[in-house]
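Chains A and B supply the protein sequences, listed in that same order. Residues in the first sequence are numbered from 675 upward in steps of one, following my numbering. Residues in the second sequence are numbered from 675 upward in steps of one, following my numbering. Built from N, CA and C at the ideal position, the CB exists for glycine as well. Bear in mind the structure is a predicted one, so any value in this text is a computation, not a measurement. Working notes for the structure below.
There are 2 protein chains.
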Amino acid sequence: MSTATTRATISVPDRLLLGSGPSPVPRRILEALAQPTIGHLDPAFGALMDDVAAGLRATFRTKNAVAIPVSGTGSAGMEAMVANLVRPGDRVICGVHGLFGERMADELTRHGAEVVRVEAEWGRAIPTERLLEAAAEPFAAMFVVHGETSTGVAQPLDGLADACRDKDALLLVDCVTSLAGHPLDLDASGVDAAFSGTQKCLNAPPGLAPLTVGERALGRVKDGRVPSWYFDLSLVLGYWLKEDGAPRAYHHTAPINLVYALAEALAIVAEEGLEARWNRHAVAHDALRDALAVLGLERLAPEGEQLHPLLAVRLLDGVEDAKVRGPLLTEDGIEISGGLGPLAGRTWRIGVMGEGARLEPQERLVRALGARLGGDVDGAVGALKAGWAAA
Amino acid sequence: MSTATTRATISVPDRLLLGSGPSPVPRRILEALAQPTIGHLDPAFGALMDDVAAGLRATFRTKNAVAIPVSGTGSAGMEAMVANLVRPGDRVICGVHGLFGERMADELTRHGAEVVRVEAEWGRAIPTERLLEAAAEPFAAMFVVHGETSTGVAQPLDGLADACRDKDALLLVDCVTSLAGHPLDLDASGVDAAFSGTQKCLNAPPGLAPLTVGERALGRVKDGRVPSWYFDLSLVLGYWLKEDGAPRAYHHTAPINLVYALAEALAIVAEEGLEARWNRHAVAHDALRDALAVLGLERLAPEGEQLHPLLAVRLLDGVEDAKVRGPLLTEDGIEISGGLGPLAGRTWRIGVMGEGARLEPQERLVRALGARLGGDVDGAVGALKAGWAAA
Chain A
675 MSTATTRATI SVPDRLLLGS GPSPVPRRIL EALAQPTIGH LDPAFGALMD
725 DVAAGLRATF RTKNAVAIPV SGTGSAGMEA MVANLVRPGD RVICGVHGLF
775 GERMADELTR HGAEVVRVEA EWGRAIPTER LLEAAAEPFA AMFVVHGETS
825 TGVAQPLDGL ADACRDKDAL LLVDCVTSLA GHPLDLDASG VDAAFSGTQK
875 CLNAPPGLAP LTVGERALGR VKDGRVPSWY FDLSLVLGYW LKEDGAPRAY
925 HHTAPINLVY ALAEALAIVA EEGLEARWNR HAVAHDALRD ALAVLGLERL
975 APEGEQLHPL LAVRLLDGVE DAKVRGPLLT EDGIEISGGL GPLAGRTWRI
1025 GVMGEGARLE PQERLVRALG ARLGGDVDGA VGALKAGWAA A
Chain B
675 MSTATTRATI SVPDRLLLGS GPSPVPRRIL EALAQPTIGH LDPAFGALMD
725 DVAAGLRATF RTKNAVAIPV SGTGSAGMEA MVANLVRPGD RVICGVHGLF
775 GERMADELTR HGAEVVRVEA EWGRAIPTER LLEAAAEPFA AMFVVHGETS
825 TGVAQPLDGL ADACRDKDAL LLVDCVTSLA GHPLDLDASG VDAAFSGTQK
875 CLNAPPGLAP LTVGERALGR VKDGRVPSWY FDLSLVLGYW LKEDGAPRAY
925 HHTAPINLVY ALAEALAIVA EEGLEARWNR HAVAHDALRD ALAVLGLERL
975 APEGEQLHPL LAVRLLDGVE DAKVRGPLLT EDGIEISGGL GPLAGRTWRI
1025 GVMGEGARLE PQERLVRALG ARLGGDVDGA VGALKAGWAA A
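And the structure:
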């Protein structure tokens, strides 16, 4: 084949990805990604699909039969969840304390739901009692963002499932940034459906949205006609939900190579152990928080509300976002993310995700950022190392 | 990083992909795919996005500003097109002469359209006059499948655009299997919007849906509220439709590595030249048709209606699909596809796509398939080579 032996013409710069995602993709996952494409109905691919489903169940901590990668980025998981589980006229309680709660409120509105917003300041968790108050009236579903990527806040799930079950409502969760990086046990928390992304704590390339749906929620899929052909679980599951070699019904062509990468990412999580991985993210978060505090950068989230995989800090007075973050990327080769919405220009969002949650990349960031801010680099690096050493 | 130097644990079998897609992905594209992931807002990625948009315009043969890869497989392109351009109550003429016309009719119904089906037998093109008859009444859009992957039929587009413009209606086209493999000039044909896939004649991995939308159609996007957040072009274009370094607004995280692969695939198309590529697919199709005829396998599509990238042939009497196609895959390592819908068990669908449209892979298929059918292998290979030599 004439083009088979030619080298690729595109090239990309070397970057250390310590922003809000994508996160650093290890060479091992890129190597899996680049395995030869095979057919979506090939039995060898079917076996890999079973592995991926099992790996997702373990990582979500669920016994749900349905644990699949939706063929799109994280927000496709959101859309798949809503298109299948929310019907026009449903009263849906939607926690909003950042961009991703806002996004869900928009999505719910587009699907005809009556949206009951329960808000908190960006940078804070929503008090559970406020969500429970909204649940006093009948409702069809409650949605919360477990890991708010726009603010670095983790939303407690305790007590929500009981309130939902009291009203025969579903508990729906966005765990895009928390999955495999922050403690989360979907079954123990009584979550009925949750979606995530591959480009955060799983360290796989973006393009798939892990989704799990429990039995109570699945009943709703069959109830009505799903307004989306692409995301219709009654069709998608005919392809994904066959195990032990049963024939799979073609729906759409799966993103084969991305599934390879996800399989490899899940294998890495299993090798480390999920709890060890959560612990490492907590250590990495605290160490980096201490180091950045030496540079004067204070965390947005108060203690106890922080999301380990995403550390949002307030900019120093007088520091202009783009003048630091731009050259940090283009000259130092380190990506961090700016603020979103009301926090634009006022915060930086630093990823502590998977391979980014290690001492070496964090030290590189602290040195580069510290130098650009004219701060106490040695003190900051010392705090970072002390945080890791104490673990 | 502890996992950075470990080898990938997943492995996949060696397959020659000569089915309905995915098609053979050249090493060069896999190498592009495996370039390190960078951020979706990195200026270096933005430059690549501009290259991809330009390459898609050239390959679609359009001057449309909007030429983007939707973040999902081919059917996501279908859904993006309908969610943005079709409104509830719209009268939409839908050509149905195979599975992908059926799929679109389903999609249109889910979006509340009044669907006017214009049908033809699976394996035939729809007579243009039948489509024009349906266009005598007012309608909002006409949809046809240019390359029917389920039957190997190419649908002529001549005369459709005028009929659409007469009624201020849009002409919408599925060119998943025809793009870059079968003659298609969207602007000359007056097409208002079209979608494709990356895993057919572009030879990239599945997971992106090239989509182009012209100015007339774009007006409709702004008219109403799009029922899908993920596919809403008014949001997606804030990210994709910025050129010359203008800041891009975050919508969802693009499938970075798949965009690398698409960029490389489009570069390969440009190197060969689009018309030369079309011609090569025509030669490959005819040569393989002649070779398979020696084995007794007759093409489903009559001469003049064939889709070059997909050759559907009727099974010989008494031959059981799975007993040939199964071992062809698992023992010979060659994938071809079975029939769909009413053609299940009665046809094979053989891809003639990109790197699959060359003598070497075709000879390997003809030898293996001929041997399994007990046919005149030497005669078939002779016909194949004669077809290529005559070109």
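Contact list for residue i against chain A, beta-carbon separation under 7 Å
i	result
Tyr904 of chain B	Gly746, Ser749, Ala750 and Glu753
Thr683 of chain B	Glu938 and Ala941
Pro1001 of chain B	Chain A residues near Pro1001 of chain B: none, gap ~12 Å exceeds 7 Å.
Beta-carbon proximity list for residue i, same chain, < 7 Å, skipping 5 on both sides
i	result
Ala779 of chain B	Cys768, Val770, Val789 and Arg791
Glu1014 of chain B	The sequence shown places Leu at residue 1014 of chain B, rather than the Glu named in the question. Same-chain partners within the cutoff: Leu773 and Ser824.
Leu692 of chain B	Ile1008, Glu1009, Ile1010, Ile1024, Gly1025, Gly1030, Pro1035 and Leu1039
Ala891 of chain B	Leu759, Leu844, Asp866 and Ala867
Arg804 of chain A	Val792
Paired residues, beta bridge with residue i - DSSP
i	result
Ser1011 of chain A	A:Arg1023
Glu788 of chain A	A:Arg765
Phe817 of chain B	B:Cys768 and B:Leu846
Gln980 of chain B	B:Val827
Glu793 of chain B	B:Val770
Pro743 of chain A	A:Pro884
Phe734 of chain A	According to DSSP, which records beta bridges pairwise, Phe734 of chain A is partnered with nothing at all.
Phe869 of chain A	A:Asp848 and A:Leu885
Leu985 of chain B	B:Ile1024
Glu822 of chain A	A:Val827
Exposure label - residue i; buried when at least 16 CB within 10 Å
i	result
Pro879 of chain B	buried
Lys997 of chain B	exposed
Pro1011 of chain B	Residue identity differs from the one stated: residue 1011 of chain B is Ser in this sequence, not Pro. Buried, since its Cβ has 16 or more Cβ neighbours within 10 Å.
Ala747 of chain A	A small correction: the amino acid at residue 747 of chain A is Thr; Ala does not occupy that position in the sequence shown. Thr747 of chain A comes out buried.
Glu1076 of chain A	Only positions 675 to 1065 of chain A appear in this structure, which leaves residue 1076 of chain A out of reach.
Thr683 of chain A	exposed
Ala1063 of chain A	exposed
Lys874 of chain B	buried
Arg681 of chain B	exposed
Ala1018 of chain A	exposed
Leu690 of chain A	buried
Ser749 of chain A	buried
Under 7 Å by beta carbon: chain B residues contacting residue i
i	result
Ala706 of chain A	Ala682 and Ile684
Glu1009 of chain A	Gly713 and Asp716
Arg761 of chain A	Those within 7 Å of Arg761 of chain A in chain B number zero; the least Cβ separation is about 13 Å.
Arg1023 of chain A	Per Cβ cutoff of 7 Å: no residues; Arg1023 of chain A is ~12 Å from chain B at best.
8 Å Cβ cut-off: residues of chain B touching residue i
i	result
Ala1042 of chain A	Ordered by position in chain B, no residue passes the 8 Å Cβ test against Ala1042 of chain A, which lies about 16 Å from the chain.
Arg1038 of chain A	The premise fails here: Arg1038 of chain A is roughly 12 Å from chain B at the closest Cβ pair, so nothing lies under 8 Å.
Arg777 of chain A	Trp903
Gly695 of chain A	Thr927
Beta-carbon contacts of residue i that lie in its chain and below 6 Å, excluding the five residues immediately before and after
i	result
Pro812 of chain B	Lys841
Asp1050 of chain B	Val968
Trp1022 of chain A	Val987 and Ile1010
Ala799 of chain B	Val827, Gln829 and Glu979
Lys1059 of chain A	none
Lys916 of chain A	Arg922
Ala678 of chain B	Note on Ala678 of chain B: pLDDT 48, under 50, position unreliable in the model; the coordinate value appears next. Closer than 6 Å at Cβ, skipping near neighbours: no residue.
Listed by chain order, chain A residues near residue i by CB distance under 9 Å
i	result
Glu781 of chain B	Ser902, Trp903 and Tyr904
Arg784 of chain B	Arg899, Val900, Pro901, Ser902, Trp903 and Asp906
Partner residues on chain A for residue i, Cβ-Cβ distance less than 8 Å
i	result
Pro1016 of chain B	Within chain A, no residue comes near Pro1016 of chain B; the closest Cβ sits about 15 Å away, beyond 8 Å.
Gly912 of chain B	Neighbours of Gly912 of chain B on chain A: none; closest Cβ ~14 Å, over 8 Å.
Arg839 of chain B	Neighbours of Arg839 of chain B on chain A: none; closest Cβ ~28 Å, over 8 Å.
Val847 of chain B	Residues of chain A passing the Cβ test: none, with the nearest at roughly 17 Å.
Contact list for residue i against chain B, beta-carbon separation under 9 Å
i	result
Arg689 of chain A	Pro710, Thr711, Ile712, Gly713, Asp716 and Ala718
Own chain, CB closer than 8 Å to residue i, minus 5 neighbours either side, in chain order
i	result
Trp903 of chain A	Leu909
Leu911 of chain A	Val740 and Ile742
Val900 of chain B	Ala757, Asn758, Asp906, Leu907 and Ser908
Closer than 7 Å at the beta carbon, the chain E residues around residue i
i	result
Arg1020 of chain A	No chain E is present in this structure, whose protein chains are A and B.
Tell me which residues of the region 919–941 of chain A have at least one Cβ-Cβ distance to chain B shorter than 9 Å, keeping chain order. Tyr924, His925, His926, Thr927, Ala928, Pro929, Ile930, Asn931, Leu932, Tyr934, Ala935, Ala937, Glu938 and Ala941
Output needed in chain order: residues of the region 789–803 of chain A with a Cβ under 8 Å from some Cβ in chain B. none
Name, going along the chain, the residues of the region 708–726 of chain A whose beta-carbon falls closer than 9 Å to a beta-carbon of chain B. Ala708, Gln709, Pro710, Thr711, Ile712, Gly713, His714, Leu715, Asp716, Pro717, Ala718, Phe719, Leu722 and Asp725
Using a beta-carbon distance cut-off of less than 7 Å, what residues from the region 944–967 of chain A approach chain B? none
Tell me which residues of the region 967–982 of chain B have at least one Cβ-Cβ distance to chain A shorter than 9 Å, keeping chain order. none
Got a sec: which bits of the region 874–886 of chain A sit with their beta carbon under 7 Å from any beta carbon on chain B, in order along the chain? Pro879, Pro880 and Gly881
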